[in-house]
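In this note's numbering, the protein residues as written are 13 to 500.
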């Protein structure tokens, strides 16, 4: 079958890929767009909690590092786009959109008794970021938080109310995006296929529904981005994207939940949280486990920890709630912990991945910026404007912390995880100090084993010291060599 000529191939049909395809096809009706990828599996979007907040993701570390502050700036900018973006997509979807999508505003951040100094610092950082970005952040009485009913020994000591932080039902939102995409005559949906580079220029996408040829391709394949890129352009240095497997559950809503309730970001995860859903159920998330490759299913340990933490810290009344659905997805986590967005050194090849927990939230901003760049540039595209310029796909690995600082930060996350799990060392001799020193020693050895030029972000520390440590070091060394060779 002959290849069909189109203008842009978007490979990856999560929230980011769908949003880019929608923005391209609506901005230029004459542009022929193909969106390829499955609509299920263990991708991040279908399992997302979809907290559309910027302040709730702030940590003490992010406020004191350059790229952490840039990430907060991006999140704030994306949050401001959501009301208009939602209306645009829903208007295009028309009657095909779900009647309710669970959209709302309001988030409570609770600092509870099952926490550590890491949580204290991040809780304070939320208020600091709110002041810097002129966003609302109010002290709240934990006993007045609607839908919040923790066990007494897990109760909140303090709470912020963030009146401008949004949320949406991710499953309903993806259905809305699908309805909007189906209404676009210049957009073709295709199943996953094989992307290859043509000998002269351009790209060929071979799918079960047909073969498509275009001069430009945008790879937005989430945690599956790196193997796809290596097959297309093995010599092009693009920061590798790994996976952060996450598990969540939806339970029947026995009590009204008008706003998000969450803890500060802690222990390699995204803070324990519960999010109202369109049908009145409650989404509870989420675990986090870094992996070299996507994990296809949840683990018993992830489910056990999630349910134990949620019932104790958020609402013990949910012990009798029916489990409506178990969610499992793989967040795209880049080797240095930061997004991988923009044009690559290979002509016509673009990437939008590595967003970790921020993909669905940042999707309107990513879609708008990439659309403008694709429509205004020739095939030799310049770097993206503003903060996104710092997250180009081909770059020196970002390291805002020294090896010593990163190891100490990772050890602090482990101490927070131990506190949340109610781990109590023997109160004899120097046991409490010994436990802390053991974490520090483990992290010092872990970070020392990495190649020069690579300092893993704390989110990747579990992978770095477990069985995947040598493979992680090898992956980092290969990228650094490839990047250096490209510069030469």
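Virtual Cβ for every residue (Gly too), placed ideally from N, Cα, C.
C-alpha distance - residue i paired with residue j, whole-angstrom precision
{"i": "residue 67", "j": "residue 199", "result": "35 Å"}
{"i": "residue 260", "j": "residue 58", "result": "11 Å"}
{"i": "residue 269", "j": "residue 468", "result": "37 Å"}
{"i": "residue 123", "j": "residue 394", "result": "43 Å"}
{"i": "residue 185", "j": "residue 113", "result": "6 Å"}
{"i": "residue 310", "j": "residue 181", "result": "21 Å"}
{"i": "residue 20", "j": "residue 354", "result": "14 Å"}
{"i": "residue 162", "j": "residue 116", "result": "23 Å"}
{"i": "residue 255", "j": "residue 305", "result": "6 Å"}
{"i": "residue 473", "j": "residue 425", "result": "10 Å"}
{"i": "residue 118", "j": "residue 164", "result": "24 Å"}
{"i": "residue 374", "j": "residue 243", "result": "27 Å"}
{"i": "residue 75", "j": "residue 69", "result": "11 Å"}
{"i": "residue 175", "j": "residue 149", "result": "7 Å"}
{"i": "residue 14", "j": "residue 201", "result": "18 Å"}
{"i": "residue 245", "j": "residue 173", "result": "47 Å"}
{"i": "residue 274", "j": "residue 120", "result": "6 Å"}
Closest residue to residue i among the options (Cα-Cα distance)
{"i": "residue 204", "options": "486, 491, 469 and 26", "result": "26"}
{"i": "residue 349", "options": "258, 357 and 366", "result": "366"}
{"i": "residue 364", "options": "16, 33, 14 and 19", "result": "33"}
{"i": "residue 417", "options": "43, 73, 29 and 324", "result": "73"}
{"i": "residue 318", "options": "297, 54, 444 and 377", "result": "297"}
{"i": "residue 477", "options": "454, 376 and 300", "result": "454"}
{"i": "residue 105", "options": "188, 399 and 337", "result": "188"}
{"i": "residue 23", "options": "225, 311 and 179", "result": "225"}
{"i": "residue 321", "options": "283, 306, 289 and 56", "result": "283"}
{"i": "residue 158", "options": "20, 479, 286 and 461", "result": "286"}
{"i": "residue 111", "options": "120, 492, 289 and 214", "result": "289"}
{"i": "residue 302", "options": "69, 211, 484 and 50", "result": "484"}
{"i": "residue 183", "options": "278, 60, 173 and 130", "result": "60"}
{"i": "residue 498", "options": "372, 358 and 397", "result": "358"}
{"i": "residue 372", "options": "336, 31, 307 and 406", "result": "31"}
{"i": "residue 147", "options": "48, 35, 65 and 448", "result": "65"}
{"i": "residue 257", "options": "369, 36 and 386", "result": "369"}
{"i": "residue 46", "options": "28, 40, 56 and 18", "result": "18"}
{"i": "residue 48", "options": "240, 170 and 171", "result": "240"}
{"i": "residue 407", "options": "493, 312 and 215", "result": "493"}
Close-in-space but distant-in-sequence residues of the same chain around residue i (CB under 6 Å, 5 per side omitted)
{"i": "residue 128", "result": "427, 428 and 431"}
{"i": "residue 133", "result": "72"}
{"i": "residue 262", "result": "293, 295, 336 and 337"}
{"i": "residue 422", "result": "455, 470 and 473"}
{"i": "residue 411", "result": "467"}
{"i": "residue 409", "result": "348 and 466"}
For residue i, the residue or residues it bridges with in DSSP
{"i": "residue 178", "result": "64 and 117"}
{"i": "residue 46", "result": "21 and 200"}
{"i": "residue 345", "result": "254"}
{"i": "residue 161", "result": "327"}
{"i": "residue 484", "result": "Answer by DSSP bridge pairing: none, since residue 484 is not bridged."}
{"i": "residue 218", "result": "206 and 223"}
{"i": "residue 365", "result": "352"}
{"i": "residue 262", "result": "295 and 337"}
{"i": "residue 286", "result": "273 and 296"}
{"i": "residue 124", "result": "168"}
Residues near residue i in its chain [Cβ-Cβ closer than 8 Å; skip 5 each side]
{"i": "residue 266", "result": "329, 330, 332 and 333"}
Cβ neighbours of residue i in the same chain (closer than 7 Å, five flanking residues each side left out)
{"i": "residue 82", "result": "399 and 402"}
{"i": "residue 166", "result": "124, 125, 126, 324 and 325"}
{"i": "residue 461", "result": "481 and 485"}
{"i": "residue 415", "result": "459 and 467"}
{"i": "residue 352", "result": "250, 251, 253, 346, 363, 365, 366, 403 and 405"}
Test: residue i CB closer than 8 Å to a CB of chain C
{"i": "residue 233", "result": "Annotation note: the requested chain C is absent from the structure, which comprises a single protein chain."}
Please determine if the stretch 229–246 and the stretch 325–344 are in contact, where contact requires at least 3 C-beta pairs separated by less than 8 Å. yes
So, does the stretch 284–299 touch the stretch 212–232, judging by three or more C-beta pairs under 8 Å? no
Touch check for the stretch 458–467 and the stretch 478–496: three-plus C-beta pairs under 8 Å? When Cβ pairs closer than 8 Å are counted between the two stretches, the stretch 458–467 is seen to touch the stretch 478–496, the count reaching three or more.
If we count Cβ pairs, one from each stretch, closer than 8 Å, do we get three or more for the stretch 207–225 versus the stretch 86–96? Between the stretch 207–225 and the stretch 86–96, the count of C-beta pairs closer than 8 Å stays below three; the two stretches do not touch.
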